[in-house]
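Novice: One structure is given below, represented as structure tokens, and several questions about it will come after.
Protein chains: 2
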Amino acid sequence: MPFQYDYPHPAVTVDISIFTIRGDELKVLLVKRALAPFRGEWALPGGFVDIDESLTDAAMRELREETGVEAAYLEQLYTFGEPRRDPRERVISVAYYALMASDTLEIRAASDAEGVGWFRLDELPALAFDHAEILDMALQRLAAKLGYSTIALQLMPAEFTMAELRHIYELIGREQLDARNFSKRILALDVIEPTGKNRRDGAHRPAKLFRVKDRSSVKFTR
Amino acid sequence: MPFQYDYPHPAVTVDISIFTIRGDELKVLLVKRALAPFRGEWALPGGFVDIDESLTDAAMRELREETGVEAAYLEQLYTFGEPRRDPRERVISVAYYALMASDTLEIRAASDAEGVGWFRLDELPALAFDHAEILDMALQRLAAKLGYSTIALQLMPAEFTMAELRHIYELIGREQLDARNFSKRILALDVIEPTGKNRRDGAHRPAKLFRVKDRSSVKFTR
DNA sequence: ACTGTTTATGTACTAAATACACTAAGTGAT
DNA sequence: ATCACTTAGTGTATTTAGTACATAAACAGT
Chain B
1 MPFQYDYPHP AVTVDISIFT IRGDELKVLL VKRALAPFRG EWALPGGFVD
51 IDESLTDAAM RELREETGVE AAYLEQLYTF GEPRRDPRER VISVAYYALM
101 ASDTLEIRAA SDAEGVGWFR LDELPALAFD HAEILDMALQ RLAAKLGYST
151 IALQLMPAEF TMAELRHIYE LIGREQLDAR NFSKRILALD VIEPTGKNRR
201 DGAHRPAKLF RVKDRSSVKF TR
Chain Y
1001 MPFQYDYPHP AVTVDISIFT IRGDELKVLL VKRALAPFRG EWALPGGFVD
1051 IDESLTDAAM RELREETGVE AAYLEQLYTF GEPRRDPRER VISVAYYALM
1101 ASDTLEIRAA SDAEGVGWFR LDELPALAFD HAEILDMALQ RLAAKLGYST
1151 IALQLMPAEF TMAELRHIYE LIGREQLDAR NFSKRILALD VIEPTGKNRR
1201 DGAHRPAKLF RVKDRSSVKF TR
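Protein chains in written order, with our numbering: chain B, 1 to 222; chain Y, 1001 to 1222.
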């Protein structure tokens, strides 16, 4: 059933850089392409935007399809539209990035097995299309936003220690942070609170557990 | 000559919020639509992306067509894609915003007369499509970027006084700034330099004229 | 030469960010 | 039970950045 237009139309896709923390590392979700072009290569999850679907809805749908999870922080990143970025036809990609709490998807991503994988950023495979460029921009945006928002909390599980939260900042910002100053700064934002519980895990003083006060809101500082 | 696809494709446009300073005010360029839909209403300049043209090229082309000028600061803003934002068909709009030095386009914009106009932000007409929303986001981005970049210099003519530059910041930021602190801050960035000339215009001490050191670069502070 | 108007400029104060070291609480070995 | 080891938890002093603020200089017009 062909669709006709008076002048040529591009196809439009959404591609998503989905980040989470697993095993003390920031990871991104990649899928192995089953079809040409770039068959067998790794790519960002994504797909065509339905003709009656908003861009955000398309991104949420892809997110759900790949991770089985609804809730996550999702933000439009940039739109990539070089004429030959897809060898088949003109394809314009609206890129999004998403942050998932590490405890929301443990099961699903493990069971998915073939064709989907979480990758450390220092062990990325070659990526299809211009996805390396897209992922690079997503990482830059993420790092920049750490500095002036509470976006990092979107990566945290229901309960976490101050050291774990600091570790995220260190991973994304690629710099060591002073534990005392970090704690002061975060607590001053009034966005996390102690659960009252402790986590004991080893031959040392147990760590206080914290939770995010309002999961649904990302605050902007300064 | 019809173009056929196996599944429906959206149309893709670029729309540009073009800002400049005229008559001591920040103004945006709007065009009066000659065709349906929204015929006779004001809209952001824009148009369809050619099938072999990059998004940035399309934005630059529109910019040139409307203002007759090449050089300007141009940045992708956001992509708007609600399914019914255009009554004709599904249209996805990649929005850009541009900053023009006030002296680069005096002639052209004046001669253009009917159908094109520079509007103060507090005297905007009703806008076609979702262009009010797009313009609103462009203004937000502009205001935010004033704080951490030297983007405002892109609006300045070849020579300008410190007071004029400060006035831009006050217009966009909607707050009065201290002349001494402002001057210190800007000079510390090392992005403008005195021309050596003065401007005398009235019964008072003449103002030093400055020029932008490197027109082509926008620096990011902090 | 006096008045009015805008430009140019330095210093004191306040707030924010940074550097830095010791005690607390647990585990495991002797 | 004590000791050694490990990570968590916390306060203060210093530095840096940002803010508040007032007076003299240069010109035009009378």
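For each residue, glycine too, the CB sits at the ideal point set by N, CA and C.
Show which residues of chain B have a CB atom less than 8 Å away from the CB atom of D1190/Y.
Specialist: Within 8 Å Cβ-Cβ: nothing; D1190/Y doesn't reach chain B, min ~23 Å.
Novice: Using the three-state DSSP reduction, which class does K1208/Y fall into: helix, strand or coil?
Specialist: The three-state reading of DSSP puts K1208/Y in strand, counting E and B together.
Novice: In whole angstroms, what is the alpha-carbon distance linking D1024/Y and E1062/Y?
Specialist: 26 Å
Novice: So if I threshold CB-CB distances at 8 Å, which residues from the segment 119 to 131 of chain B count as touching chain Y?
Specialist: Answer set for the segment 119 to 131 of chain B: empty.
Novice: In angstroms, rounded to a whole number, what distance separates the CA positions of L1026/Y and V1116/Y?
Specialist: 16 Å
Novice: Give me whichever residues DSSP pairs with L1194/Y in a beta bridge.
Specialist: For the record, residue 1194/Y in the displayed sequence is Pro; it is not Leu. Answer is F1210/Y, bridged to P1194/Y.
Novice: Along chain B, in chain order, which residues have C-beta atoms closer than 7 Å to that of D1052/Y?
Specialist: Chain B residues near D1052/Y: P83.
Novice: D130/B lies in the alpha helix (DSSP H); which residues open and close that run?
Specialist: Looking at the DSSP string, D130/B is not in any alpha helix (DSSP H), and its letter there is neither H nor E.
Novice: Pull out every residue of the segment 193 to 207 of chain B whose Cβ sits closer than 7 Å to any Cβ of chain Y, in chain order.
Specialist: Under the 7 Å Cβ criterion, the segment 193 to 207 of chain B contributes no residue.
Novice: Helix, strand or coil: which one does DSSP assign to A1011/Y?
Specialist: Collapsing the DSSP output to three states places A1011/Y in a strand.
Novice: Can you look up S1093/Y in the DSSP assignment and give me helix, strand or coil?
Specialist: strand
Novice: Looking only at its own chain, which residues have a Cβ that is under 8 Å from the Cβ of V1191/Y, when we skip the five neighbours before and after it?
Specialist: T1150, L1153, V1212, K1213, D1214, K1219
Novice: How should T79/B be labelled, buried or exposed, when 16 other C-beta atoms within 10 angstroms of its C-beta is the threshold for buried?
Specialist: buried
Novice: Could you spell out the range, first to last residue, of the beta strand (DSSP E) harbouring F182/B?
Specialist: Bounds of any beta strand (DSSP E) do not take in F182/B; it lies within the alpha helix (DSSP H) bounded by 179 to 189.
Novice: Which ranges would you report for the alpha helix (DSSP H) in the segment 21 to 94 of chain B if only whole runs of at least 4 residues count?
Specialist: 55 to 67
Novice: Is the distance from the Cβ of P2/B to the Cβ of V1012/Y below 7 Å?
Specialist: no
Novice: List the residues of chain B that Y1007/Y touches, going by C-beta distances under 7 Å, in chain order.
Specialist: F3
Novice: Helix, strand or coil for Q1140/Y per DSSP?
Specialist: helix
Novice: Rounded to the nearest angstrom, how far is the Cβ of I1021/Y from that of L1155/Y, given a contact under 8 Å?
Specialist: 5 Å
Novice: Could you compute how far the alpha carbon of N181/B sits from the alpha carbon of L1044/Y?
Specialist: 47 Å
Novice: Please name the residue or residues paired with A1098/Y in a DSSP beta bridge.
Specialist: I1018/Y, L1074/Y
Novice: So with CB distances below 7 Å, who are the chain Y contacts of A11/B?
Specialist: In chain order: H1009.
Novice: Tell me whether G202/B sits in a helix, a strand or coil according to DSSP, three-state version.
Specialist: coil
Novice: Mind checking whether A1059/Y and Y1097/Y have CB atoms under 7 Å apart?
Specialist: no
Novice: On a Cα-Cα basis, can you pick out the residue from E1133/Y, I1051/Y, R1039/Y, P1157/Y that is closest to M1100/Y?
Specialist: Closest by alpha carbon: P1157/Y.
Novice: Can you tell which of K1197/Y, L1135/Y, H1167/Y has its C-alpha closest to the C-alpha of E1159/Y?
Specialist: K1197/Y
Novice: Name the chain Y residues whose beta carbon is nearer than 9 Å to that of Y169/B?
Specialist: Those within 9 Å of Y169/B in chain Y number zero; the least Cβ separation is about 17 Å.
Novice: Measuring CA to CA, which of M162/B, E170/B, I168/B is closest to E193/B?
Specialist: M162/B
Novice: On the DSSP letters alone, give me the boundaries of the alpha helix (DSSP H) that R166/B sits inside.
Specialist: 162 to 173
Novice: Along chain B, in chain order, which residues have C-beta atoms closer than 9 Å to that of L1055/Y?
Specialist: T79, F80, G81, E82, I92
Novice: Where does the unbroken beta strand (DSSP E) through G1117/Y begin, and where does it stop?
Specialist: 1116 to 1120
Novice: Could you spell out the range, first to last residue, of the beta strand (DSSP E) harbouring Q1004/Y?
Specialist: 1003 to 1005
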